[in-house]
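Just so we're on the same page, my numbering is the position in the sequence shown counted from 1, plus 42. Following: one structure in structure tokens, then a few remarks.
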Amino acid sequence: MTSSLLHIPPPQRLLQPLALPERLMLGPGPSNVPPRILAASGRQLLGHMHPEMLQVMDEIKAGIQYAFQTQNQLTLAISGTGHCAMEAALLNLLEQGDTVLVAINGIWGQRAAEIARRLGANVHELLKPPGDYFALQDIEEGLAQHKPSVLFITHGESSTGVLQPLEGLGNLCHRYGCLLLVDAVASLGGAPIFMDQQEIDVLYSGSQKVLNVPPGSAPISFSQRAWYHHTAPTNSFFSLREGLSMLAELGLESSWERHRASCAQLCQGLRDMGLELFVKEEKARLPTITTVRVPEGYDCKEITAFLMDNHGIEIAGGLGPSAGKVLRIGLMGCNSTSENVTRVLRALREALRHCPRCRL
Ligand code: PMP
């Protein structure tokens, strides 16, 4: 026997084949990935500068221009998740000492304010309770008082389930000499966005929600500015290309309508069970992620564990300001179907009957 020089042996578990369960992913993302998109990321690599890869990137650019409804030339995929796009947007817009106004009605505004502070910006927070959205007047007061160079706002607040109206915001910001930066990670493809018409200066999203693409690439568009060379994650881009292609084939209007219809069916079913929706105003509900109050006497962790253990369905509890208060149910992209609404409602009804502190 030869004695090994290695102090650490190969891990036993890595000598077994990869074992993964089947799950229905109805949380706030990632959502299930259709076979066509999975197959694209399993294709053989290309060099990131090969002409065919550059063509894929051009196709991605065209797909993002369609999804965002913009003609901006500086439209691309960031090599990273939605959070990387948020960081890239803030890093490109802010320098030390710049003033930024951050609209905070959930965790994503908090996150943006934190990043902006780390960049040395002078950060002012415009606050609304979780579950509310900002009226134009709220924003105008903030702009007049703080005179920021950038306003950050979240279109789809996935921590609270709120859809922020964007009409008139860009125009208002520009009247105050301010750029408008919008986070559309949770809303792209699920609710209308018209980047050019709404005069949004920087818009970004993610891949893992309505696009049903594995996390790791994030659409972004700037009205101007530059970018750096790096080794692009080629196979993530293959799957992003396919996700954007499927959205283009379905059509944005059909995608918005599909998310609206599934969300309406889900909300009705939740109300019929005696549950209370967290976002009061119907028009302020994010069509991709629905928040419902955890009923009195229940623990949301027990409910989410029951769905996972007994039905293989993922739903989520709250996040940040909504932690412990709500359940979050995501119906995104291919998961936004009437059948999935029926499945999750049935599983939830059973959970409420079985969880220990049962009341209903
Ligand atoms: N913004 C919003 C509104 C989100 O919902 C998320 C993801 N839940 C992010 C940003 C961050 O995206 P990612 O998790 O892909 O980094």
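We treat Cβ as the ideally placed atom computed from N, Cα and C, and that holds for glycine.
Judged by DSSP secondary structure, Pro93 falls within the alpha helix (DSSP H) whose first and last residues are 93–110. Here Val321 carries a coil assignment [DSSP, helix/strand/coil].
Just so you know, the alpha carbons of Met374 and Ala177 end up roughly 27 Å apart. DSSP places Asp225 within a strand segment (E or B) once states are collapsed to three. Restricted to the region 242–275, the beta strand (DSSP E) segments that are unbroken, complete and at least 3 residues in length are 244–246, 260–264, listed in chain order. Listed in chain order, the non-local C-beta contacts of Lys103 below 7 Å within the same chain comprise Thr117, Leu118, local neighbours out to five positions each way being set aside.
In this structure, the C-beta of Ala228 approaches the ligand PMP to less than 7 Å from one of its heavy atoms. Residue environment: Met91 is assigned as exposed (fewer than 16 neighbouring CB atoms within 10 Å of its CB, all protein chains considered). Rounded to whole angstroms, the separation of the alpha carbons of Ile262 and Trp298 is 20 Å. Only exposed fits His49, as fewer than 16 other CB atoms lie within 10 angstroms of its CB.
The beta carbon of Cys305 lies closer than 7 Å to those of Arg327, Pro329, Thr332, Leu373 in the same chain, with the five residues before and after it left out.
By the Cβ test, the region 231–239 is not in contact with the region 66–82, since fewer than three Cβ pairs between them sit closer than 8 Å. In terms of CA proximity to Leu369, Glu338 leads the group Glu338, Asn164, Gln250. Scanning Gly173, Gln107, Gln250, Cys220 for the CA closest to the CA of Pro363 turns up Gly173.
For the pair Ser191 and Asp140, the CB atoms are nearer than the 8 Å cut-off. For the ligand PMP, no non-hydrogen atom lies closer than 7 Å to the CB of Asp100.
In the DSSP assignment, Ile235 falls outside any beta strand (DSSP E) and carries neither an H nor an E.
Counting C-beta atoms within 10 angstroms of its own C-beta, Arg388 has fewer than 16 neighbours from the protein chains shown and is therefore classed as exposed.
With contacts defined by Cβ atoms closer than 8 Å, Gly248 and Gly124 form a contacting pair.
For Arg370, no alpha helix (DSSP H) encloses it; the enclosing beta strand (DSSP E) starts and ends at 368–372.
Going by DSSP, Val334 is part of the beta strand (DSSP E) stretching over 331–335. Between Gly258 and Ser278, the CB-CB gap stays under 8 Å.
CA-CA distance, Asn377 to Gly354, rounds to 14 Å.
The beta carbon of Ser200 sits closer than 7 Å to at least one heavy atom of the ligand PMP.
Annotation: Ala163 is outside any alpha helix (DSSP H) and is labelled neither H nor E by DSSP.
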